[in-house]
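Residues in the sequence shown are numbered from 1 upward in steps of one, following the UniProt record's numbering. Heads up, the beta-carbon is just placed ideally off N, CA and C, and yes, glycines get one too. Fair warning: this is a prediction, and the values are worked out from it, not measured in the lab.
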Amino acid sequence: MTTPTAHASGTYTLGDLTVHRLGYGSMRLTGPGVWGPPRDRDECVRVLRRAAELGVDFIDTANSYGPYVSEELIREALHPYDGVVIATKAGLLRTGPDGWAPLGFPEYLRQECEMSLRRLDTETIDLFQLHRIDAKFPAEDQIGELLKLQQEGKIRHIGLSEVTVEQLEAAQKVAPIVSVQNMYNITTRTAEPVLEACEAHGIGFIPYFPLAAGPLAAPDGPLQRIAADHGATASQLALAWLLKRSAVMLPIPGTSKVAHLEENIAAADIELSDAEFDTLSKAGSASR
């Protein structure tokens, strides 16, 4: 039996970097509350290496995951990143478990970029994303600092996270934007206008929290029923729905277990019919 790989998810090009659309999000490679080290560091290293073996070549992280823990694990497991695109973020200050505070002071963003370069042991970060636009500082100053870092060769491409259409359009006037990362899944689609703007402008859309399905995943729910028809799990079907929803969609399901990683990657092999996609889309809208 052939082992499923991320290759079946197709590819997308971020600027000049072509990656498989099904990636990996590394927030779960940390302790409770996304704080401190993971319970099983060795397993987390195995997860990252197994992901690369299965064709995952887009790894999403952030300086705030741990903080710093996720980036350090990625370096340990994958450096020198042969063929693997590493995306990281800055703009959220950690104050403790589950504590997140926006901080977009331009000099802080520069400092964190420099520190991420050091932790990842690389000269250029493939994709550097502003984790949040901080209302305390002009947005153009925050984006402008990333543009300066890009011009210095420290950042290859710039992305945004949790933005509105208006914020995206304003940022595009300051610097080229290749990706947006907003919460989006089969039942949470408030970012639909942002996704549509990304489609219109050829910008990659990275949905975080991609596996949330709520009541749709109940034993008698539509997600579970269609999943059973495919010999799949509800979570796999939620990922398959995202991949079919848009060609610019780059899901990044995360896990700290190899078995769960392999299950997620197998979602790339699931082909939903148009009727199944429509059924799930309507059910997801109804459950909101």
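Query                                                                                                        : Result
Nearest to T18 (by Cα), restricted to the options T30, A200, G83 and L29                                     : G83
Sequence-distant residues of the same chain with beta carbon closer than 6 Å to R156, five excluded per side : T124 and D126
Check whether L195 and F58 have beta carbons under 9 Å apart                                                 : no
Reference A139; option with closest CA among Q167, I158, G153 and R118                                       : Q167
For P102, three-class secondary structure by DSSP                                                            : strand
Stretch pair the stretch 31 to 50 + the stretch 65 to 78: three plus CB contacts closer than 8 Å             : yes
Stretch-stretch touch, CB-based, cutoff 8 Å, three pairs: the stretch 219 to 237 with the stretch 8 to 23    : no
Between the CA atoms of T279 and T187 - distance to the nearest angstrom                                     : 13 Å
DSSP bridge partner residues for V19 (one or two, in chain order)                                            : Y12
Bridge-paired residues (DSSP) for I206                                                                       : Q181
Residues near S246 in its chain [Cβ-Cβ closer than 7 Å; skip 5 each side]                                    : L195, E199 and F205
K257 to A266 span [Cα, whole Å]                                                                              : 15 Å
Q151 burial status per 10 Å Cβ neighbour count (16 or more: buried)                                          : exposed
Inter-residue spacing [alpha-carbon to alpha-carbon] between R94 and P102                                    : 9 Å
Contact check, P253 vs Y24, beta carbons under 9 Å                                                           : yes
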